[in-house]
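Using this note's numbering, the first residue of the sequence shown is number 494, and each one after it goes up by one.
No residue lacks a Cβ here, since even glycine has one placed at the ideal position from N, Cα and C.
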Amino acid sequence: MNMHSSTAATAEEAIAAQEALPPLTNEEATQVAMSNTLLTPRFYTTDFDEMDAIDVSSVREEWDVLIGQMKADPNKGHFKKNEDWDDVDWDGMEPALKAEFIDFLISSCTAEFSGCVLYKEMKRRGSNKDITELFQLMARDEARHAGFINDALREAGIAVNLGFLTQAKKYTYFRPKFIYYATYLSEKIGYARYITIFRHLEENPEMRFHPIFKWFREWCNDEFSHGEAFALLLKTDPKLTESRMNKMWIKFFLTAVFSTMWVRDHQRPEFHKALGVDPKWYGQEVFRKTSEITKQVFPMTLDIDHPRWVPTLNRMEAANVQIAAGRKQGGVSGWVKRMAGSAKAGFAFVSLLTIPVEKNAVPASPRLEPAY
Ligand SMILES: [Fe+2]
Ligand SMILES: [Fe+2]
């Protein structure tokens, strides 16, 4: 019997298991996954030698506990359809919802896989045992996550070609410290997003229009541990969170990650309506949880209750609608519309950066357990 991606011990095995499934000639999904805009998940590359040189001895005790938990692999075999997987009536799904949901799945699959390729590459290039071991474990998890989403897409006759994506998608270079900030945040916000939906559907099971949401609790626990690993990595070099300049970078990344999520989620009104989730409530709830968690290592959080916060996010979202309309329209007038939209989005972003942060003390030990 062929292995399934959910039981793979390495990312390479999980990808191979996905590739071995009957091919689907769905270039469209792969094309969507290939696109690189400010709002679509990107693939990253970095200075792997610099990352390989990290010395984790200052956080050794916590490090070994975390790695031990990840090696114990509590979620092995979890990311696979079983008797809890209800039949999905893709043909009966309202077309607008179906389109948005498929877009959500493709984008989630790409984001999961983006983590996988970065972590897998770090594992391949590195020689530092601590670092390669961690990245191998995280790559394994992300490959399983991406594989599982692809299994869900397959039922709709679609799949993202993961092998092709690895080869053909453009990679964006980020220096290691930016990878730490961006990846730490995306793991923690990923946790907050998955658990918020999971808890909401626990209370409102009639809104669960697809079985994949039942898998979100274990899923978000994987993301939580990945975030913990990055919190420890950030701790190995206090300058990363304490220097004046880096505090500015942290604010920049918090603002970029939060505002991107806001704009992206507001593009899927039907999806959120079907879940019974107000995107504004959801956004603020996820930001609140993420902020609470990031106090483990970041010395400040964004003031998401500031009177300018939500209105400015809304302006950014409106600017984005304008950019999309310009792109669709094409020609000179479309270009003008797009440029005007980009300028508005840029001003809105700068305006968000001028909102003062809320400072907090950072504990000596960052370790947390998932609590939501
Ligand atoms: Fe993941
Ligand atoms: Fe992750």
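{"Asked": "Which partner residues does Met793 have in the DSSP bridge list?", "Found": "Lys852"}
{"Asked": "Using three-state DSSP, classify His689 as helix, strand or coil.", "Found": "Sequence check: residue 689 is Thr here, not His. Helix, per DSSP."}
{"Asked": "So, for Glu763: in the same chain, excluding its five sequence neighbours on each side, which residues have a beta-carbon less than 6 Å away from its beta-carbon?", "Found": "Ala589, Leu590, Glu593"}
{"Asked": "Would you check if there are 3 or more beta carbon pairs closer than 8 Å linking the stretch 651 to 664 to the stretch 745 to 753?", "Found": "no"}
{"Asked": "Using a beta-carbon distance below 8 Å, is Ile743 in contact with chain B?", "Found": "Absent here is chain B; the protein component of the structure consists of one chain."}
{"Asked": "Taking any heavy atom of ligand 2 as the mark, which residues have a C-beta closer than 7 Å to it, listed down the chain?", "Found": "Gly608, Met631, Asp634, Glu635, Glu680, Gly683, Asp715, Glu716, His719"}
{"Asked": "Looking only at its own chain, which residues have a Cβ that is under 8 Å from the Cβ of Val779, when we skip the five neighbours before and after it?", "Found": "Ile682, Ala685, Arg686, Thr689, Met754"}
{"Asked": "Mind checking Trp712: buried by the 16 CB within 10 Å criterion, or exposed?", "Found": "buried"}
{"Asked": "Would you call the stretch 694 to 705 and the stretch 809 to 822 touching, i.e. three or more CB-CB distances under 8 Å?", "Found": "no"}
{"Asked": "Going by DSSP, what residue range makes up the alpha helix (DSSP H) through Tyr612?", "Found": "588 to 618"}
{"Asked": "Rounding to the nearest angstrom, what Cα-Cα distance links Phe842 and Leu514 in this structure?", "Found": "43 Å"}
{"Asked": "Alpha carbon to alpha carbon, how far is Met832 from Leu727?", "Found": "37 Å"}
{"Asked": "Going by the beta-carbon positions, is the gap between Ala504 and Ala675 smaller than 8 Å?", "Found": "no"}
{"Asked": "Looking at ligand 1, does it come within less than 7 Å of Glu576, judged from the CB to the closest heavy atom?", "Found": "no"}
{"Asked": "So does Glu605 have its beta carbon nearer than 7 Å to some heavy atom of ligand 1?", "Found": "yes"}
{"Asked": "If contacts are defined as beta-carbon pairs under 8 Å, then Ala501 and Ala510 qualify, I think. What distance do you get, rounded to the angstrom?", "Found": "6 Å"}
{"Asked": "In chain order, what residues of the same chain have a beta carbon less than 6 Å from the beta carbon of His759, not counting five sequence neighbours either side?", "Found": "Pro772, Glu810"}
{"Asked": "Tell me Tyr537's beta-bridge partners as DSSP assigns them.", "Found": "Thr665"}
{"Asked": "Quick one: what does DSSP say Ala546 is sitting in, helix, strand or coil?", "Found": "coil"}
{"Asked": "Is Val653 helix, strand or coil when you go by DSSP?", "Found": "coil"}
{"Asked": "Looking only at its own chain, which residues have a Cβ that is under 6 Å from the Cβ of Lys573, when we skip the five neighbours before and after it?", "Found": "His497, Ser499"}
{"Asked": "Please say whether Leu795 and Val756 have beta carbons closer to each other than 8 Å?", "Found": "no"}
{"Asked": "When the Cα atoms are used, what is the spatial distance from Ala854 to Lys740?", "Found": "13 Å"}
{"Asked": "Check this for me: beta carbons of Tyr666 and Thr783, under 8 Å apart or not?", "Found": "no"}
{"Asked": "Hey, Leu559 and Ser679: beta-carbon distance below 8 Å or not?", "Found": "no"}
{"Asked": "I need the DSSP call for Phe572, collapsed to helix, strand or coil.", "Found": "coil"}
{"Asked": "Which value, in whole angstroms, describes the spacing of the CA atoms of Glu543 and Lys622?", "Found": "14 Å"}
{"Asked": "Mapping the DSSP letters down to three states, classify Trp578 as helix, strand or coil.", "Found": "coil"}
{"Asked": "Use the C-beta contact count for Glu862: other C-beta atoms within 10 angstroms, 16 or more gives buried, fewer gives exposed.", "Found": "exposed"}
{"Asked": "Is Phe606 near Ala649, with beta carbons less than 8 Å apart?", "Found": "no"}
{"Asked": "Throw me the rounded Cβ distance for the Pro792 and Thr734 pair, which I believe falls under 8 Å.", "Found": "6 Å"}
{"Asked": "Sorry if obvious, but does the Cβ on His638 come closer than 7 Å to a heavy atom of ligand 1?", "Found": "yes"}
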